[in-house]
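A.B. asks: To convert, take the position in the sequence shown, counting from 1, and add 728; that gives the numbering used here. Structure incoming, see below.
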Amino acid sequence: MEQKQINLSSLTDSFEKLAENNWALTSEVFASDFCKQLAQECQKLFSDGELTKASIGPVGNKLTASEIRGDYTLWLDAGNSPVQKQFLLCLETIREELNRFFFMGLKRVESHFAFYPPQAGYEKHIDNPRGASHRKITFVLYLNEDWQKENGGELSLYNPNNPEKLLTRVEPRLGQLIFFRSDLFPHQVEKSFTPRLSLTGWFRDDAL
Ligand code: OGA
Ligand code: NI
């Protein structure tokens, strides 16, 4: 299916890096106008109270949960607006391309908006520890225009073989897109001093 929001040749370039390093960062896959629409949508949904405090699964109580993870999220599901539907179509295209490129057998993708209010972050974790779940590839698309260094909120990615060793720090600037193997990389969201918007998700190898 043709996707005018996606630059397919940049996507393929990022897959080359993903093949080599198990992670890849690009700012050329999504057009910035489209990212601005997604940012507006995320901001509006948060303002309307549609996003809910994220939880961290069965372990931990509510208090420790917000110390570990301070974001608010909303799953996209079927896509409740034209821009969400467009984004889901883009994710389907990326899923098909991942399968074509890596022979991965990815069956679906799940994705949520994430809004980190000031002072929120997310402590170091692995999305799919020991490869125990069906999450194979993580992506994050950042949605913050005019991001300043002093706003904090970087994604810190650590070495899978040495979780203390920083690999890279990514500023959550509009249009930046990172992919990484969900089972390998410890990562952390540094405390953000202004609202931090993104779309996060996982390409999975199980069917619904
Ligand atoms: C997550 C996560 C990273 C980011 O939601 O699991 O690690 O930069 N997000 O938002
Ligand atoms: Ni994560």
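Ideal Cβ positions, reconstructed from N, Cα and C, are used throughout, including at glycine.
How many angstroms separate the CA atom of VAL757 from the CA atom of ALA806?
C.D. replies: Whole-angstrom Cα-Cα distance: 22 Å.
A.B. asks: Around the Cβ of THR740, are there at least 16 other Cβ atoms within 10 angstroms (buried) or fewer (exposed)?
C.D. replies: The residue is exposed, with fewer than 16 neighbouring Cβ atoms inside 10 Å.
A.B. asks: So if DSSP puts ILE734 in a beta bridge, which residue, or which two residues, is it bridged to?
C.D. replies: DSSP, once it has assigned bridges, lists PHE758 as partnering ILE734.
A.B. asks: Is the closest heavy atom of the ligand OGA to the C-beta of SER926 under 8 Å?
C.D. replies: Yes; taking the cut-off as 8 Å, the Cβ of SER926 has a heavy atom of the ligand OGA nearer than that.
A.B. asks: How would you write the range of the beta strand (DSSP E) that ILE854 sits in, first residue to last?
C.D. replies: Segment: none, ILE854 is in no beta strand (DSSP E) and carries neither H nor E.
A.B. asks: Would you say the beta carbon of ASP855 comes nearer than 8 Å to a heavy atom of the ligand OGA?
C.D. replies: Yes - the ligand OGA has a heavy atom lying nearer than 8 Å to the Cβ of ASP855.
A.B. asks: Relative to the ligand NI, is the shortest distance from any of its heavy atoms to the C-beta of HIS850 smaller than 8 Å?
C.D. replies: Note on identity: in this sequence residue 850 is Tyr, with His being the wrong assignment. Yes, the ligand NI has a heavy atom inside 8 Å of this Cβ.
A.B. asks: Taking 8 Å as the cut-off, is the CB of HIS840 close to at least one heavy atom of the ligand NI?
C.D. replies: False, no ligand heavy atom lies under 8 Å from that Cβ.
A.B. asks: Return helix, strand or coil for GLU838, following the three-state DSSP convention.
C.D. replies: Correct three-state label for GLU838: strand.
A.B. asks: Measure from the alpha carbon of ASP933 to the alpha carbon of each residue in GLY777, PHE815 and SER910, then state which is nearest.
C.D. replies: Checking every option, the nearest Cα to that of ASP933 belongs to SER910.
A.B. asks: Among VAL898, PHE867 and TYR886, which one has its Cα closest to the Cα of SER876?
C.D. replies: The question names Ser, yet the displayed sequence has Gln at residue 876. Cα-wise, what sits closest to GLN876 is VAL898.
A.B. asks: Taking 6 Å as the limit between beta carbons, can you name the residues of its chain near MET729, skipping five residues before and five after?
C.D. replies: Reliability of the predicted coordinates at MET729 is poor, the pLDDT of 45 falling under 50, and no value is obtained from them.
A.B. asks: For the segment 801-816 against the segment 759-776, are there 3 or more C-beta pairs whose distance is under 8 Å?
C.D. replies: They touch, by the three-pair rule.
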